[in-house]
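Asker: Numbering (our numbering), first residue to last: 89 to 558.
Glycine included, every Cβ here is placed at the ideal spot set by N, Cα and C.
I'd like to ask you about the structure that follows.
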């Protein structure tokens, strides 16, 4: 059976540096099939670029932030009721947020599966072929990583959707999904380059090692986690930037700290980072979603060595009377829900440039995250040096070294540092889930925990169309 391929190629969405303006303006002349599309290096590259493009419209923040104790839905009181169901854990299988995330993530997986299947047998330069397949495997792995941590058991689809058997796939166990994630990432790490001279923004060897380490940590495989972090650090590609706030400005995607980010280019033919619209104040044309909680603000108890507030707080959120953008001052009235709003995706409020043209990247993984993962893995495995890794992160914000020495005290310090360092980068809810029922229920009193952990329900749309689901 032949499958007509619909491949969206908008390199500007993720900021890949190769030019595509001529391609975008050219009229469609043929219908491509799987037989005649994958024929040249250019078509193979375009197919993989199309996988990156499917990452646009990132809604991971609804789960990572809004479902956590760091934020509430925000916005107008009656807006987006399905988001409330995510926030208070009452979402059922008809919830639109769940359906949208599921469909968009499986779109990324479908594009990845097509690329892996067809490019693997192409007679093109072997280095390019293997690299493109490696990119597709990474993007499939990150998709399944997000799915398994939101839904638990999901259909593990690994082939193009050409037959009833590849379309109607039953649920796989969580362990099987993680095994596939590890397989994809291991194979990707073997062929991906450490850096790119052009086409920056594509996944690298370090990104594969980093996500492998994260998958290991989530499974409490601490030795494997440390091994993959050692491989990442052995690349000598990454270090912390000097100023924390600089990470959340246009161009930060090329900094030494960023391991993988979704990139955006200001352009009339493609949207920018939609987070700028969703999280900006209503007074600026945004929606004021993802409103930080007082609980999050109160977590910043440490003062710097000079006696100032932890600089990560005001770099992360807007607070009443504190500097905002373009020489303005933030007003708590801009956030009816909590009095606070997220600041990390709003750097380029330039007169004449619409909010939806923001070029601030979404950073999925950066080196500070790796250092804190390393600290956690060392601490949980009884190894030495956990405090040293935490202090590298604290030192950047001019905070005194931690005085914690016991495993339990260090565990608390690491958890708190992850919350403050990575706030509103969509990690908090997933951290709470993997830290277990006691910690999760203390932070989220309304959660309906069912062993082994809380998962959201599979969307009804999938139940209706996938005949293999019971």
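Looking at residue 547: is its Cβ nearer than 8 Å to the Cβ of residue 190?
Answerer: yes
Asker: With a Cβ-Cβ cutoff of 8 Å, do residue 409 and residue 416 count as a contact?
Answerer: no
Asker: Judging by CA-CA distance, which residue of 155, 260 and 480 is the nearest neighbour of residue 245?
Answerer: Looking at the Cα atoms, 260 is the closest of the given residues.
Asker: If you draw a straight line from the C-alpha of residue 173 to the C-alpha of residue 378, how long is it?
Answerer: 14 Å
Asker: Quick one: complete beta strand (DSSP E) runs, 3+ long, within the stretch 448–473?
Answerer: 450–454
Asker: Ignore the nearest five residues each way along the sequence and tell me which others in residue 556's own chain have a CB closer than 6 Å to its CB.
Answerer: 256, 257 and 258
Asker: Kindly list the residues whose CB is nearer than 6 Å to the CB of residue 276, restricted to its own chain and excluding five residues on each side of it in sequence; keep chain order.
Answerer: These residues qualify, in order along the chain: 222, 225, 226 and 296.
Asker: Pick helix, strand or coil for residue 127, following the three-state DSSP scheme.
Answerer: coil
Asker: Go through its chain and collect everything with a Cβ distance to residue 315's Cβ below 6 Å, but skip five positions before and after it.
Answerer: none
Asker: Can you tell which of 392, 445, 301 and 354 has its C-alpha closest to the C-alpha of residue 455?
Answerer: 301
Asker: Residues in its own chain within less than 8 Å of residue 157 by CB, not counting five upstream and five downstream?
Answerer: 381, 383, 384, 516, 520, 531 and 532
Asker: For residue 254, name the three-state secondary structure that DSSP assigns.
Answerer: helix
Asker: For residue 200, which residues in the same chain have their Cβ closer than 6 Å to its Cβ, ignoring the five residues on either side in sequence?
Answerer: 139, 224, 227 and 228
Asker: Nearest to residue 212 by CA position, among 129, 269, 178 and 397, is which residue?
Answerer: Closest in C-alpha terms to residue 212, from the list 129, 269, 178 and 397, comes 129.
Asker: For residue 343, count neighbouring C-beta atoms within 10 Å of its own C-beta (all shown protein chains included) and say buried if the count is 16 or more, exposed if not.
Answerer: buried
Asker: May I ask you to verify whether the stretch 492–506 touches the stretch 391–410, counting CB pairs closer than 8 Å and requiring at least 3?
Answerer: no
Asker: Quick one, are the C-beta atoms of residue 83 and residue 400 less than 8 Å apart?
Answerer: No statement about residue 83 is possible, as the shown extent of the chain runs from 89 to 558 and does not include it.
Asker: Do you know whose CA, among 510, 133 and 169, lies nearest residue 336's CA?
Answerer: The shortest C-alpha separation from residue 336 is found at 510.
Asker: By the three-class DSSP mapping on this structure, what secondary structure does residue 359 have?
Answerer: In the structure shown, residue 359 sits in coil (DSSP, three-state: anything other than H, G, I, E or B).
Asker: Considering just the uninterrupted stretch of the beta strand (DSSP E) at residue 380, what are its terminal residues?
Answerer: Residue 380 -> beta strand (DSSP E) spans 377–380.
Asker: Let me confirm a value: residue 441 is counted as buried when at least 16 other C-beta atoms fall within 10 Å, else exposed. Which label applies?
Answerer: exposed
Asker: Counting pairs of Cβ atoms below 8 Å between the stretch 535–546 and the stretch 232–247, do you hit three or more?
Answerer: yes
Asker: Please report how far the alpha carbon of residue 387 lies from the alpha carbon of residue 508, in whole angstroms.
Answerer: 7 Å
Asker: Using 8 Å for Cβ pairs, my map puts residue 364 next to residue 422. What's the rounded Cβ distance?
Answerer: Not quite, the Cβ-Cβ distance comes to about 15 Å (not below 8 Å), so this is no contact.
Asker: Going residue by residue through the stretch 281–367, where are the continuous alpha helix (DSSP H) segments of at least 4 residues, counting only ones entirely within it?
Answerer: 293–306, 310–321 and 363–367
Asker: For residue 174, which of helix, strand or coil comes out of DSSP?
Answerer: Here residue 174 sits in helix by DSSP.
Asker: DSSP three-state label for residue 167, please.
Answerer: In the structure shown, residue 167 sits in coil (DSSP, three-state: anything other than H, G, I, E or B).
Asker: Using three-state DSSP, classify residue 238 as helix, strand or coil.
Answerer: helix
Asker: So residue 161 is in the beta strand (DSSP E); what residue range does that whole segment cover?
Answerer: 159–162
Asker: Using alpha carbons as the reference points, say which of 136, 317, 466 and 361 lies closest to residue 217.
Answerer: 136
Asker: Would you decide whether residue 253 is buried or exposed? Buried here means 16 or more other CB atoms lie within 10 Å of its CB.
Answerer: exposed
Asker: Relative to the C-alpha of residue 539, which residue among 525, 424, 551 and 550 is closest?
Answerer: 525
Asker: Taking all protein chains shown into account, decide if residue 446 is buried (16 or more other Cβ within 10 angstroms of its Cβ) or exposed.
Answerer: buried
Asker: Excluding the 5 residues flanking residue 427 on each side, which residues of the same chain have their C-beta closer than 6 Å to its C-beta?
Answerer: Excluding positions up to five away in sequence, the list reads 420.
Asker: Quick one: Cα of residue 176 to Cα of residue 210, how far?
Answerer: 49 Å
Asker: Do the CB positions of residue 198 and residue 249 come within less than 8 Å of each other?
Answerer: yes
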